[in-house]
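Just so you know, our numbering puts the end of the first sequence at 291, numbered straight through with nothing missing. Each residue gets a CB set at the ideal place from its N, CA and C atoms; glycine is no exception. Following: one structure in structure tokens, then a few remarks.
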Amino acid sequence: MRRGIASVVGLRLASTELPRGTNRPILVRPRPAILVRSLAGRRVAGVHRFGKRIAIEFDDDETRPRQWLVIEPRMTGMLLIGRPPTDAHVRIVLGFASRKVPRLLFWDRRGLGTARLLDEAGLQAACGPTKLGPDALGVSAADLQTRLSRSRRAVKVALLDQRVVAGIGNIYAAEILSLAGVDPRVACRRLSGADWDRIALASRTILADAVSHEGSSLGDATYQTPDNRFGSFQDHHRVYGRENQPCHDCGTLVVRFVQAQRATFFCPACQWRPRRRRVRLQQTD
DNA sequence: CGTTCAACCTGGGCGC
DNA sequence: TGCGCCCAGGTTGAAC
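Structure representation (structure tokens):
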């Protein structure tokens, strides 16, 4: 998404529109009238990604400090230079005086996304290390181990915590643990160093692979790149969305269950619980 | 500290 | 065809 909108860098804003949402408008800060005025005539100095968030950076000028429009697409939000899937649900239209890139849209069907114009301190508070852990595309086993080795949380739930590691969502948490061969239900403190090695490697591998396939475009969240290409990573999913279908590695049927109010998919044969260290009573069968 | 639940929304899919 | 449910790449805060 970030790379797809990089062509707006250097362009100057000619207009900002916030079309009325159907029911409730998406969360925009500051309120629309002020946001529009704050953005008028600004030049885009850069586009950045912090975990799942995109930050469009605007130069400072005589009256205004350097600021960042931080966009959280959440479930169905997309940044588009091309056409929106529907005319409804266009939330923000940034117009540029450019033939090549006349506009950048934030489209969000469900409207759960947010957009906030922040100064340096606000950016730090929203996207700094207190809110976001190391990026999942480059996370190391040591990063994960120092944050989670004493945690009692189930490893899949912990991987979804953006303060632990930034950028892993529900699809990729399942895919990462599948590749790593780790049971999503296991408490973090039960995992070994070798487990963390495999999880960190799987995180980097799965996300790099997903990015190169331009994401997963499935039913609800039909992701499109900013220039309207659909992702294809859904065709490479090991477990996500594959309930009752055979595991590609062993043929066992993929299981779906709910964990922290989110669907979890895993192969119960390839992703086993580690044996408890505590001695168990002998079974007398 | 960890888990569960509700809330914020729209719309596709499914069973009846 | 219509209706009611369940489900969905997310985050937050309250309650237990």
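Where W113 is concerned, the enclosing beta strand (DSSP E) starts and stops at 109 to 114. Annotation for S218: the continuous alpha helix (DSSP H) segment containing it runs 199 to 218. Inclusion of D114 and H95 in the CB contact set at 7 Å is warranted, their separation being smaller than that value. Inside the region 87 to 147, DSSP marks whole beta strand (DSSP E) runs of 3 or more residues at positions 96 to 102, 109 to 114, 120 to 124, from first to last along the chain.
One thing to note: A20 has its Cβ no nearer than 7 Å to the Cβ of A121.
In terms of CA proximity to L166, Y178 leads the group R158, V99, Y178, L185. In the structure shown, V264 falls within a strand segment according to DSSP collapsed to helix, strand and coil. The distance from the Cβ of R262 to that of E181 is about 14 Å, inconsistent with a contact at the 8 Å cut-off. Secondary structure note for I40: its alpha helix (DSSP H) is the uninterrupted segment 38 to 45.
In the DSSP assignment, L24 falls outside any beta strand (DSSP E), carrying neither H nor E. Under the three-pair Cβ rule at 8 Å, the region 78 to 95 counts as touching the region 9 to 18. R37 and G119 have their C-alpha atoms spaced approximately 15 Å apart.
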